[in-house]
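In what follows, a structure is listed as structure tokens, so that the remarks can point back to it.
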Amino acid sequence: MTKKRVLVLGANGFIGSQLVDRLSREDYHIRAFGRFNNGINFLESPNVEIFDGDFLNQNDIELALKDVSVVIHLVSTTNPAVSDKDPLIDLTTNVEGSVNLFQKCAENGGIKKIIFASSGGTVYGDDYPKRPFIETDQTKPVSPYGIGKVTIENYLRYFKKKYNQDYLVLRIANPYGGRQKNTRHQGIIPVIIDSVHASRPITIYGDGSMVRDYIYIDDLIDVITRTLDKKMKFETYNVGSGVGVSINQLIEEAEKVIGKKAIIEYLEQPATFVHTSILDNSRINKELINLQKTKLSDGLSNTYSNYLRHI
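Just so it is clear: in the sequence shown, position 136 is 139 by my numbering, and no numbers are missing.
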């Protein structure tokens, strides 16, 4: 029996490399697409085909889609901090690149499903409804990064309407775990761990009361893997822990794991920062029963152990 061929875009990244590792142990053939100039970030496997390509190059995308049945779109050429400094950059990179990808998928004709990693922490905006966000809440992003994610979601709806291209949007909370780099300005946990371990100051924007929903990487990979072959009831799902944790609480948890006190510098919070974002996961939990749920303390302990192995 021929293995299903899955294209993972962004396979050189934090989520992508972990996903490739997981899928390589399953009954799939994975085409791992990304820029691998810093070396391969995942385990070598006969089930993994490396495609060193540029997401913004349409020829690379067209070649990568050959004989593929599922596309997992994890690419983000920016992060919230970069987008805030240059509001146009998301349009000219992430949005334009994604639309080109969806057009190539439609022309290909053999793509059964596109899975897109959206941002649960930014798409709903800052109008917190005093309860975790649900998928039917209005999307009101206040940052260029979040606006870009919502725009890509809307283009998926367009391609579904015009070409009947099936898709799945996963609005992911704040993922964390091994292989997450503290040099990419996306993800506070690797910054906290590295800073506390090395007794360096942590820069916190605001007073530390900002609340986020954190999901351990293994739990996230479990969700993505289980959606590959399943016909889902809806097209959009929140993926998080459902638990809100403030930055100050997060630092306290990290101090317990590392056994050292943090040095904190508080700076003024930018206007486009969302204060509270917690995701309601009822929809995904009803369809994918017995999902992995790692406690924050355990996830931080695992992440710190991984950090120690690689410093």
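Ideal Cβ placement from N, Cα and C applies to all residues, glycine included.
### Message
Buried or exposed for Asn284, going by 16 or more other Cβ atoms inside 10 Å?
### Response
buried
For the alpha helix (DSSP H) containing His32, name the first residue and the last one.
Run containing His32: none in the alpha helix (DSSP H); it sits in the beta strand (DSSP E), 31–37.
*asked:* Assess contact between the stretch 213–224 and the stretch 156–172, defined as three or more Cβ pairs (one per stretch) separated by less than 8 Å. Is contact present?
replied: no
- Message: Between which two residues does the beta strand (DSSP E) holding Arg160 run?
- Response: That residue, Arg160, is in no beta strand (DSSP E); its alpha helix (DSSP H) goes 147–166.
Checklist entry - Roughly how many angstroms separate the alpha carbons of Gly184 and Lys264, rounded to a whole number? => result Contrary to the premise, residue 184 reads as Lys rather than Gly in this sequence. Near 21 Å, if we compare the C-alpha coordinates of Lys264 and Lys184.
| task | Please name the residue in His313, Lys69, Thr154 whose C-alpha comes closest to that of Thr96. | result | Thr154
Neighbourhood of Pro132 by C-beta distance below 8 Å, restricted to the same chain and skipping five residues each side
Asp140
Is it the case that the CB of Val153 approaches a heavy atom of the ligand COA more closely than 7 Å? The ligand COA is not among the ligands present in this structure, which contains no ligands whatsoever.
field: Among Arg203, Tyr170, His278, Glu258, the one whose alpha carbon lies nearest that of His76
entry: Tyr170
Going by DSSP, what residues sit across from Arg215 in a beta bridge?
Val248
Quick check on the DSSP output: the beta strand (DSSP E) that includes His76 runs from which residue to which?
73–76
Note down the Cα distance separating Arg28 from Leu299, rounded to an integer number of angstroms.
26 Å
Checklist entry - At which residues does the beta strand (DSSP E) containing Asp55 begin and terminate? => result 51–55
At the level of alpha carbons, what is the spacing between Asp93 and Asp30?
35 Å
Enclosing beta strand (DSSP E) for Val319 [first to last residue]: The structure shown does not extend to residue 319, since the chain is modelled only from 4 through 314, so no value can be given for it.
### Message
Let me check understanding here. Comparing Cα to Cα, which of Ile207, Glu255, Gln168 lies closest to Gly112?
### Response
Gln168
Margin query: For Gly323, which residues in the same chain have their Cβ closer than 6 Å to its Cβ, ignoring the five residues on either side in sequence?
Written below: Shown here, the chain extends from 4 to 314; a query on residue 323 therefore has no answer.
Assuming Pro90 contacts Pro147 (C-beta within less than 8 Å), just tell me the rounded distance between them. 4 Å
Would you decide whether Ala201 is buried or exposed? Buried here means 16 or more other CB atoms lie within 10 Å of its CB.
exposed
Taking the C-alpha atoms as reference points, what is the distance between Ile114 and Ser72?
4 Å
**Item:** Beta-carbon proximity check, Arg182 vs Gln295, cutoff 8 Å
**Value:** no
Pick out whichever of Gly211, Phe36, Gly100 has its Cα sitting closest to the Cα of Gln272.
Gly211
Check your understanding: Are the Cβ atoms of Arg229 and Leu291 separated by less than 8 Å?
Key -> yes
- Item | Status (buried if at least 16 other CB within 10 Å, exposed otherwise) for Glu256 | buried
Cβ-Cβ distance between His32 and Asn60 below 8 Å: no
Quiz item: Can you tell which of Ile175, Asn157, Val85 has its C-alpha closest to the C-alpha of Val102?
Solution: Asn157
- Could you have a look at Glu256 and say whether DSSP puts it in helix, strand or coil? helix
Ordered along the chain, which non-local residues of its own chain (more than five positions away) have a Cβ less than 8 Å from that of Val126? Thr142, Pro144, Gly149, Lys152, Val153, Glu156, Arg174
**OP:** For Gly56, collect the residues of the same chain with a Cβ closer than 7 Å to its Cβ; drop the 5 residues on either side in sequence, then sort them by chain order.
**Re:** Phe36, Asp63, Ala67
### Message
Could you tell me the alpha carbon to alpha carbon distance between Lys69 and Arg34, rounded to whole angstroms?
### Response
10 Å
Next on the checklist: Contact defined as beta carbons within less than 8 Å: I believe Val226 pairs with Ile137. What is the distance between those atoms, to the nearest angstrom?
Outcome noted: With a Cβ gap of about 17 Å, Val226 and Ile137 do not count as contacting.
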